[in-house]
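Quick notes on the structure that follows.
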Amino acid sequence: MLDLFHQNIQNHNILPYQGEAIYYGFAFTNEQADNYFLHLLTEVEWENDQALIFGKHITTKRKVAWYGTKPFQYTYSNIQKTAKPFTDQLLEIKKVIEKITGETYNSCLLNLYHNGSEAMAWHSDNEKQLLKNGAIASLSLGATRSFSFKHKKTNEKVDIILQSGSLLVMKGETQNFWLHRLPLTTKVNTPRINLTFRTIITE
1 MLDLFHQNIQ NHNILPYQGE AIYYGFAFTN EQADNYFLHL LTEVEWENDQ
51 ALIFGKHITT KRKVAWYGTK PFQYTYSNIQ KTAKPFTDQL LEIKKVIEKI
101 TGETYNSCLL NLYHNGSEAM AWHSDNEKQL LKNGAIASLS LGATRSFSFK
151 HKKTNEKVDI ILQSGSLLVM KGETQNFWLH RLPLTTKVNT PRINLTFRTI
201 ITE
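Okay, so the sequence shown: first residue is 1 according to my numbering, each after it adds one.
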């Protein structure tokens, strides 16, 4: 079991107003992060992401996987996905993240970026299936990447560097007022796995 006392656990909101993006620092040691990264890279059932944009079906180089405590239906970019059962390793990670953040999660969307040429455009995680103003815990494993927020009205930007093992949690009014993205970069040639633990509303 991870000894939280020996980890670099912080609790700092990096957004100046109208939202909470809490940076916790490192949730795992370098060794733990490396082990989880290698396991997830080879054992997760990765698929190329799909999107339906203006009636055109798009397949991305970036790969995704969707897991949950139940076979939740989740729709984004006009494509519906069904959650696979959590693996033992994902449950281990989830337990640690829940202990650090004081939140609970019932699902996880994983993204695999093979290098800096694969990115995520500006967006908000405000799909109707998600718990309104609920916490989304983002764990980074693998390559260090920059991550950005932009206010929807003022266009003010906030950037943060996310290293392997680091944890960032978005909650409260963040999705209503801020966009976020993973920018392109030519400086990164190794893969990054991002785990975003979420809460799907159950009827």
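Ideal placement from N, C-alpha and C gives every residue a C-beta, glycine not left out.
Under 8 angstroms between C-beta atoms of residue i and residue j
| i | j | result |
| --- | --- | --- |
| PHE37 | SER166 | no |
| GLU173 | GLY19 | yes |
| TYR23 | GLN10 | yes |
| TYR113 | PRO191 | yes |
Where residue i falls: helix, strand or coil (DSSP)
| i | result |
| --- | --- |
| ILE193 | strand |
| ASN176 | helix |
| LEU90 | helix |
| LEU2 | With a pLDDT of 35 at LEU2, under the threshold of 50, the modelled position of this residue cannot be trusted, and the question is left open. |
| THR69 | coil |
| THR75 | strand |
Limits of the alpha helix (DSSP H) - the one that residue i falls within
| i | result |
| --- | --- |
| LEU38 | 30-43 |
| LYS171 | Careful: LYS171 lies outside any alpha helix (DSSP H), inside the beta strand (DSSP E) at 166-171. |
Residue i - containing beta strand (DSSP E), residue span
| i | result |
| --- | --- |
| GLU20 | 20-26 |
| LYS150 | 145-151 |
| VAL188 | Careful: VAL188 lies outside any beta strand (DSSP E) and carries neither H nor E. |
| SER140 | 136-142 |
| ASN111 | 107-113 |
Strand pairing of residue i, partner residues [DSSP]
| i | result |
| --- | --- |
| THR124 | The question names Thr, yet the displayed sequence has Ser at residue 124. None; SER124 has no bridge partner. |
| ASN48 | LYS63 |
| LEU130 | ILE200 |
| ASN155 | DSSP output for ASN155 lists no bridge partner at all. |
Residues near residue i by beta carbon distance below 6 angstroms, same chain, minus five either side
| i | result |
| --- | --- |
| MET170 | ALA21 and ILE136 |
| GLN163 | THR144 |
Proximal residues to residue i (C-beta, below 8 angstroms), its chain only, five neighbours per side dropped
| i | result |
| --- | --- |
| PHE86 | TYR67, GLY68, THR69, LYS94 and CYS108 |
| TRP122 | LYS150, LEU179, HIS180 and ARG181 |
| GLN7 | Here GLN7 scores only 46 on pLDDT, less than 50, and its place in the model should not be relied on; the value that follows carries that caveat. Counting only Cβ-Cβ distances below 8 angstroms, and skipping sequence neighbours, we find GLY25, PHE26, ALA27, PHE28 and THR29. |
Residues of its chain near residue i, where Cβ-Cβ distance is below 7 angstroms and the 5 sequence neighbours each way are ignored
| i | result |
| --- | --- |
| LYS152 | PHE177, TRP178 and LEU179 |
| LEU90 | TYR67 and CYS108 |
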